[in-house]
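In what follows, a single structure is set out as structure tokens and then discussed.
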Amino acid sequence: MTRLNGTAPLHRLRYPDGHVGWLITRHSLVRSVLADPRFSARSELKRVPAPRPGADPFIGEPALPGWLVDMDRPEHTRIRRPLSGRFTMRAVDRLRPRVQEIVDDHLRAMRETGPPADLVASFALPVPSLTICELLGVPYGSRAGFQRASAVLFSLEVTAEQAAEAMAELDALLLDLVRHRHRHPSDDLLGKLVADGGLGDQEIAGLGVLLLTAGHETTAGMLGLGTLALLTHPGQLAALRADPGLLPGAVEELLRYLTIFHFGVPRTPLEDVELEGRLIRAGESVTLSLPAANRDPEAFDDPDVLDVTRRARGHVAFGYGMHQCVGQNLARAELEIGLGALVSGFPGLELAVPVEDVPLAADSGFYGVHALPVSW
Ligand code: HEM
Numbered sequence: 000m001t002r003l004n005g006t007a008p009l010h011r012l013r014y015p016d017g018h019v020g021w022l023i024t025r026h027s028l029v030r031s032v033l034a035d036p037r038f039s040a041r042s043e044l045k046r047v048p049a050p051r052p053g054a055d056p057f058i059g060e061p062a063l064p065g066w067l068v069d070m071d072r073p074e075h076t077r078i079r080r081p082l083s084g085r086f087t088m089r090a091v092d093r094l095r096p097r098v099q100e101i102v103d104d105h106l107r108a109m110r111e112t113g114p115p116a117d118l119v120a121s122f123a124l125p126v127p128s129l130t131i132c133e134l135l136g137v138p139y140g141s142r143a144g145f146q147r148a149s150a151v152l153f154s155l156e157v158t159a160e161q162a163a164e165a166m167a168e169l170d171a172l173l174l175d176l177v178r179h180r181h182r183h184p185s186d187d188l189l190g191k192l193v194a195d196g197g198l199g200d201q202e203i204a205g206l207g208v209l210l211l212t213a214g215h216e217t218t219a220g221m222l223g224l225g226t227l228a229l230l231t232h233p234g235q236l237a238a239l240r241a242d243p244g245l246l247p248g249a250v251e252e253l254l255r256y257l258t259i260f261h262f263g264v265p266r267t268p269l270e271d272v273e274l275e276g277r278l279i280r281a282g283e284s285v286t287l288s289l290p291a292a293n294r295d296p297e298a299f300d301d302p303d304v305l306d307v308t309r310r311a312r313g314h315v316a317f318g319y320g321m322h323q324c325v326g327q328n329l330a331r332a333e334l335e336i337g338l339g340a341l342v343s344g345f346p347g348l349e350l351a352v353p354v355e356d357v358p359l360a361a362d363s364g365f366y367g368v369h370a371l372p373v374s375w
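Heads up: the sequence shown at position 71 corresponds to 70 in numbering that gives the first Met the number 0, and the numbers run straight through without jumps.
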């Protein structure tokens with residue numbers, strides 16, 4: 000990626016169906032395209048470099064109700080506005096004590112059971128799952144079903160039909176909860192969206208599926224992969240243990256270095272646009288590589304080096320522009336609290352298997368680890 004960045008800011012890219020579009024890797028250009036309303040996020044225009052076989056519910060079709068990530072203004076604003084206030088820094092600060100409790104409970108249970116443990120099953124997956132369940136108002140008892148369906152939804156290796164089935168399952172779960180809120184009002188986010196009355200039931204259910212799935216799968220990936228990165232960079236781990244004040248910066252650096260949203264963000268220009276002297280024609284496929292942008296040497300010195308002391312803010316791990324991640328403050332809080340407690344509470348933490356045996360989740364739209372066997 001660093002090599003691609005060295006050659007040019009944008010490149011011709013042949014998609015699997017043979018048509019040729021564009022791949023953008025330079026950090027500054029990725030940000031300017033993501034902030035440019037001439038580049039549409041509408042799913043009916045989107046084409047991706049790694050399509051799933053069959054009729055994908057997210058590609059080449061109009062956005063599913065509530066799926067703001069596949070919409071342009073003004074629809075996007077209409078769906079996103081009711082969320083404002085719930086995910087601000089201040090709102091997330093109010094959630095921190097509960098996140099700390101959830102983290103402490105899971106680490107205590109892991110310690111009591113004793114080593115070895117799978118850090119994904121006992122910590123990285125349940126912590127963000129329970130957090131987003133409580134925030135939305137989804138019963139945590141339904142986790143086995145929604146975690147499995149969510150993994151299918153984001154898998155790059157299932158057929159499009161399997162993804163559509165998983166989506167239908169999640170949609171039914173959320174729609175049921177939304178309808179229940181009409182009869183039994185509640186203070187959780189689903190209850191608030193129903194009480195607001197601005198969105199239809201189907202839209203709230205779709206938005207709920209997006210928040211539930213993006214809200215746990217991503218952060219789980221970062222907790223697992225972030226721990227693996229620290230365990231395989233003992234100098235960085237030691238620096239963090241010696242100075243917990245480095246934690247917020249370390250989280251930004253891990254987000255940059257790992258960039259788990261690894262499969263490329265698709266956009267389509269609605270009109271001809273000139274970028275860096277090249278003409279991108281209306282309707283051509285454009286893929287933005289967030290991992291490449293976050294390893295651009297023009298934006299970050301020695302970008303392939305993990306350095307928890309660097310200033311990594313300005314990375315695009317959460318995207319950029321109007322679609323920038325709704326849940327970024329929550330994710331940061333979960334990562335800071337989760338990794339902080341793990342690093343300080345388990346001084347002897349180590350991998351329980353050779354690093355080559357850790358099953359990496361390269362088959363998922365969000366990079367992570369399927370399991371992380373650890374000992375202490
Ligand atoms: C959007 C990454 C956590 C909900 C995005 C985008 C990225 C991203 C790259 C932009 C996609 C695009 O432009 O097409 C991440 C990462 C996370 C994380 C790396 C964790 C480390 C979360 C959490 C939630 C969430 C915890 C929910 C509470 C969303 C939503 C959008 C989004 C709803 C769509 C926003 C829009 O289209 O306006 N995320 N995310 N994400 N994320 Fe996250």
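Beta carbons are placed, not taken as given, at the ideal position from N, Cα and C, and that holds for glycine.
Would you kindly work out how many angstroms separate the C-alpha atoms of residue i and residue j, rounded to a whole number?
i	j	result
Arg110	Leu348	11 Å
Gly20	Asp187	43 Å
Lys45	Phe122	35 Å
Ala150	Pro15	24 Å
Asp300	His232	18 Å
Phe145	Thr6	43 Å
Glu160	Thr212	18 Å
Val373	Leu227	10 Å
Gly223	Ile259	11 Å
Gly196	Val307	45 Å
Val126	Ala219	8 Å
Phe38	Arg13	19 Å
Glu74	Glu168	25 Å
Ile203	Ala163	18 Å
Leu389	Glu273	No information on residue 389 is available, as it lies outside the stretch 0 to 375 that the chain covers here.
His10	Asp92	42 Å
Ala361	Arg182	43 Å
Ser288	Gly320	15 Å
Val177	Trp66	16 Å
Ser185	His179	10 Å
Leu129	Pro358	24 Å
Ile279	Ser42	19 Å
Met221	Leu257	8 Å
Pro138	Asp200	18 Å
Count the other CB atoms within 10 Å of the CB of residue i; is the residue buried (16 or more) or exposed (fewer)?
i	result
Ala34	exposed
Met88	exposed
Ser343	exposed
His26	buried
His322	buried
His105	buried
Val354	exposed
Asp303	exposed
Ala40	buried
Leu334	buried
Pro268	buried
Ala62	buried
Tyr366	buried
Leu22	buried
Thr76	exposed
Gly136	buried
Asp295	buried
Ala330	buried
Leu338	buried
Ala243	Note that residue 243 corresponds to Pro in the displayed sequence, not to Ala. Per the 10 Å Cβ criterion, exposed.
Thr112	exposed
Nearest to residue i by CA position, among the options, is which residue?
i	options	result
Arg97	Leu118, Val307, Glu133	Glu133
Leu206	Phe262, Gly59, Ser374, Met70	Met70
Pro52	Phe38, Glu156, Trp21, Pro81	Glu156
Ala120	His215, Pro290, Glu252	His215
Leu192	Glu164, Pro127, Arg79	Arg79
Pro377	Leu198, Arg309, Gly263, Ala237	Residue numbering for the chain in the displayed model covers 0 to 375; residue 377 lies beyond these limits and cannot be assessed.
Arg95	Phe345, Leu350, Ala332	Ala332
Ser31	Ile336, Gly364, Gly318, Gln327	Gly318
Gly225	Glu251, Phe153, Val208, Leu210	Glu251
Gly263	Leu152, Ser363, Leu82, Ser141	Ser363
Asp55	Ile101, Arg107, Met166, Gln99	Met166
Leu425	Pro346, Phe57, Ser141	The structure shown has nothing for residue 425, since the chain only spans 0 to 375.
Thr158	Ala237, Ile58, Val315, Thr286	Ile58
Which partner residues does residue i have in the DSSP bridge list?
i	result
Phe260	Phe365
Trp66	BP columns for Trp66 are empty, so no partner.
Asp117	Pro372
Ser39	Thr267
Glu273	Leu278
Val19	Arg13
Leu350	Val373
Thr286	Leu22, Pro265
Leu359	Val368
Ser154	Ser363
For residue i, is the beta carbon positioned less than 8 Å from some heavy atom of ligand 2?
i	result
Leu254	Among the ligands in the structure shown, ligand 2 does not appear; only ligand 1 can be found there.
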